[in-house]
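Protein chains in written order, with the working numbering: chain A, 697 to 1051; chain B, 268 to 599. Notes follow the structure.
Structure below.
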């Protein structure tokens, strides 16, 4: 894995939104939506970016593609530092980085046919000039995503939700990108259709050696598609680990809570799992808590957590955790031993009671 | 229709007994057979789930229990909805108003659209108490504050004066639950109550809702598409496909021994946070049918790997195969 070249390297990314001007008072401090986010994506890899609403996962994706300006940090894509690139300099790179959004209805022009929609990026990027050739390419692409070329002349409203998502994927693939940002791409779909689209993502990754930055709130979906996973909370990444490590033994207390909150489709397992609903709600990003943003809800918080922000640190091999509980230990097992036994049993229990 | 045998050989009388319910919705393309011959029961202390994908008819079924469907375009073509032995479909609009929010209440998916944005929180909780319980506004306000405390809203005395927009999504859903609980109805219908909420808040709300209804000897009819939620909270499960119940049974039984190909396919098509990861999910090919045309056979047959010629020509009846376990399939 380490020998594979890095496609994307993001360091210390911050994105601030201007605060809203209040009618009374002048409370318009910037909203720090994303702070100190560092992540890498290797060629052919899928990085899942997971978290609850408002955690900054979508903003992170948008800023990485330079669809939003960032306030700090650096973005390195295919060896180029694109952090200060303007629109003109970004344009050739846009071919290499495409997006698939949650709601294909909102991102597909209703007045264009499938053929036109899929071929549009080829026109924009001046890849294919002749109309006949574009139609041919569009037909190929529709075939690739399992729609079939007989759909070429249909309009978006004639497609079902799953088919529209396939159409959006075909459009993104038309320019042969290296990287696809997928922002909740299956969240609007029914489970049986969701499985079809997830399978398509996996097929395409293999076929075209694509890299995915896969943004989702759904921990089960993220587990299914990702090689590595980063968990976000209130604008920061709290834990990054390989998919297997993260789901087998979550280290950050927030990751543990998030995983324990997910209901598993197995009544026996559910009834035997020690389960207590997590306390509280995600605080407002406008006024984040002092110290560690998770400390007010954390069952393992110590005095230090309220005062000092824990910085991301390597714990064991390939894992990064931002939590004071793990700061002094280089060895993962020692770190886990130092944290609460309850949470440990809960996480362990989840894995060992599998049929 | 009225002589259908009871579904549960249970000793208790069902609180809610839906028998052979069929509903049609008039559309430009003709009548949509949204719900067909649906029967299920809800007993005291039970959480009964209706699961299915969009268009399966689960929300329409839920709304029909409170008679909240606009008629027309919706019309009931058969069956009955018995609440404590009384057929709600036979009640007048005025009589139904006395039942709704009093004997049966509803928690919707979107608390922001279900709550009145212009009324203070306490007023919305107090309203059913004044309407159904004959309380004056002072008494009702006091009770509303108590209810806010029961649904675990911090500082209920102060928060009672707030408006819905000042609450988070999770807090608004707690308010919805307080309103639903106000008159201590025997049955609460919750239609995708946490679909719009984050996973940690979802766990809080569902635990609260199921504990509060069970604790009062009431029952919860839970409409959801989430098989995890069903596994964690439901006692009994009805699986709907294309307007019909295709399988029904105790939750453990349905998960351990699904006996309808659709239920099986659904279980295999979902990604999970535990267990082995197969590269490909066993996706169900194709899409559910549109319910405008009637078809002779099983609605799932075109997508079913086990379908035979008979499945396309004869509709399998819902048959009992084990204690409380029913399924409609010729082959499984």
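All C-beta atoms in this analysis are idealised placements derived from N, C-alpha and C, irrespective of residue type, glycine included.
CA-to-CA distance, residue j to residue i, given in whole angstroms
{"i": "residue 956(A)", "j": "residue 972(A)", "result": "8 angstroms"}
{"i": "residue 741(A)", "j": "residue 907(A)", "result": "5 angstroms"}
{"i": "residue 365(B)", "j": "residue 399(B)", "result": "7 angstroms"}
{"i": "residue 407(B)", "j": "residue 443(B)", "result": "16 angstroms"}
{"i": "residue 487(B)", "j": "residue 860(A)", "result": "36 angstroms"}
{"i": "residue 855(A)", "j": "residue 448(B)", "result": "42 angstroms"}
{"i": "residue 815(A)", "j": "residue 866(A)", "result": "9 angstroms"}
{"i": "residue 290(B)", "j": "residue 975(A)", "result": "42 angstroms"}
{"i": "residue 1010(A)", "j": "residue 1018(A)", "result": "9 angstroms"}
{"i": "residue 978(A)", "j": "residue 959(A)", "result": "19 angstroms"}
{"i": "residue 745(A)", "j": "residue 544(B)", "result": "19 angstroms"}
{"i": "residue 964(A)", "j": "residue 519(B)", "result": "7 angstroms"}
{"i": "residue 789(A)", "j": "residue 411(B)", "result": "58 angstroms"}
{"i": "residue 490(B)", "j": "residue 458(B)", "result": "5 angstroms"}
{"i": "residue 944(A)", "j": "residue 282(B)", "result": "43 angstroms"}
{"i": "residue 1013(A)", "j": "residue 946(A)", "result": "14 angstroms"}
{"i": "residue 839(A)", "j": "residue 845(A)", "result": "6 angstroms"}
{"i": "residue 445(B)", "j": "residue 415(B)", "result": "6 angstroms"}
{"i": "residue 926(A)", "j": "residue 747(A)", "result": "9 angstroms"}
Enclosing beta strand (DSSP E) for residue i [first to last residue]
{"i": "residue 713(A)", "result": "702-713"}
{"i": "residue 728(A)", "result": "727-738"}
{"i": "residue 490(B)", "result": "486-491"}
{"i": "residue 947(A)", "result": "No beta strand (DSSP E) holds residue 947(A); DSSP gives it neither H nor E."}
{"i": "residue 793(A)", "result": "793-796"}
{"i": "residue 839(A)", "result": "That residue, residue 839(A), is in no beta strand (DSSP E); its alpha helix (DSSP H) goes 827-840."}
{"i": "residue 373(B)", "result": "371-374"}
{"i": "residue 549(B)", "result": "No beta strand (DSSP E) contains residue 549(B), which DSSP labels as neither H nor E."}
{"i": "residue 932(A)", "result": "932-938"}
Residue-chain proximity (residue i, chain B), Cβ-Cβ < 8 angstroms
{"i": "residue 958(A)", "result": "yes"}
{"i": "residue 916(A)", "result": "yes"}
{"i": "residue 941(A)", "result": "no"}
{"i": "residue 892(A)", "result": "yes"}
{"i": "residue 1050(A)", "result": "Unreliable positioning characterises residue 1050(A) in this predicted model, as indicated by a pLDDT of 39, which lies under 50. The coordinate reading is nonetheless provided below. At least one chain B Cβ lies under 8 angstroms of residue 1050(A)."}
{"i": "residue 853(A)", "result": "no"}
{"i": "residue 1041(A)", "result": "Note that residue 1041(A) has pLDDT 46, beneath the 50 cutoff, so the model's placement of it is unreliable and the number below is only indicative. No, no contact with chain B."}
{"i": "residue 704(A)", "result": "no"}
{"i": "residue 766(A)", "result": "no"}
Any C-beta of chain A under 8 angstroms from that of residue i
{"i": "residue 534(B)", "result": "yes"}
{"i": "residue 548(B)", "result": "yes"}
{"i": "residue 470(B)", "result": "yes"}
{"i": "residue 493(B)", "result": "yes"}
{"i": "residue 466(B)", "result": "yes"}
{"i": "residue 276(B)", "result": "Note on residue 276(B): pLDDT 45, under 50, position unreliable in the model; the coordinate value appears next. Not one chain A Cβ lies under 8 angstroms of residue 276(B)."}
{"i": "residue 437(B)", "result": "yes"}
{"i": "residue 554(B)", "result": "yes"}
{"i": "residue 582(B)", "result": "no"}
{"i": "residue 522(B)", "result": "yes"}
{"i": "residue 416(B)", "result": "no"}
{"i": "residue 541(B)", "result": "yes"}
{"i": "residue 498(B)", "result": "yes"}
{"i": "residue 321(B)", "result": "yes"}
{"i": "residue 423(B)", "result": "no"}
Residue interval of the alpha helix (DSSP H) (run including residue i)
{"i": "residue 893(A)", "result": "887-904"}
{"i": "residue 469(B)", "result": "466-482"}
{"i": "residue 297(B)", "result": "That residue, residue 297(B), is in no alpha helix (DSSP H); its beta strand (DSSP E) goes 297-309."}
Minimum Cβ-Cβ distance from residue i to chain E less than 8 angstroms
{"i": "residue 477(B)", "result": "In summary, chain E is missing from the structure at hand, where the protein chains are A and B."}
Nonlocal neighbours in the same chain, by C-beta distance under 6 angstroms from residue i, ignoring five residues either side
{"i": "residue 275(B)", "result": "Note that residue 275(B) scores a pLDDT of 49, beneath 50, so its modelled location is shaky; the value from the coordinates is reported in the next line. Cβ within range, chain order: 308."}
{"i": "residue 702(A)", "result": "736 and 738"}
{"i": "residue 315(B)", "result": "309, 488 and 503"}
{"i": "residue 506(B)", "result": "318, 513, 514 and 530"}
{"i": "residue 733(A)", "result": "709, 756 and 933"}
{"i": "residue 982(A)", "result": "727"}
{"i": "residue 881(A)", "result": "796"}
Beta-bridge partners of residue i, as assigned by DSSP
{"i": "residue 878(A)", "result": "796(A) and 910(A)"}
{"i": "residue 515(B)", "result": "505(B) and 593(B)"}
{"i": "residue 744(A)", "result": "910(A) and 925(A)"}
Beta-carbon proximity list for residue i, same chain, < 7 angstroms, skipping 5 on both sides
{"i": "residue 989(A)", "result": "929, 930 and 932"}
{"i": "residue 841(A)", "result": "862, 865, 866 and 896"}
{"i": "residue 558(B)", "result": "299, 300, 301, 509 and 510"}
{"i": "residue 754(A)", "result": "879 and 911"}
{"i": "residue 694(A)", "result": "No answer is possible for residue 694(A): it lies beyond the span of chain A, which begins at 697 and ends at 1051."}
{"i": "residue 451(B)", "result": "483"}
{"i": "residue 821(A)", "result": "791 and 871"}
8 angstroms Cβ shell around residue i - same chain, five flanking residues per side excluded
{"i": "residue 806(A)", "result": "851, 852 and 853"}
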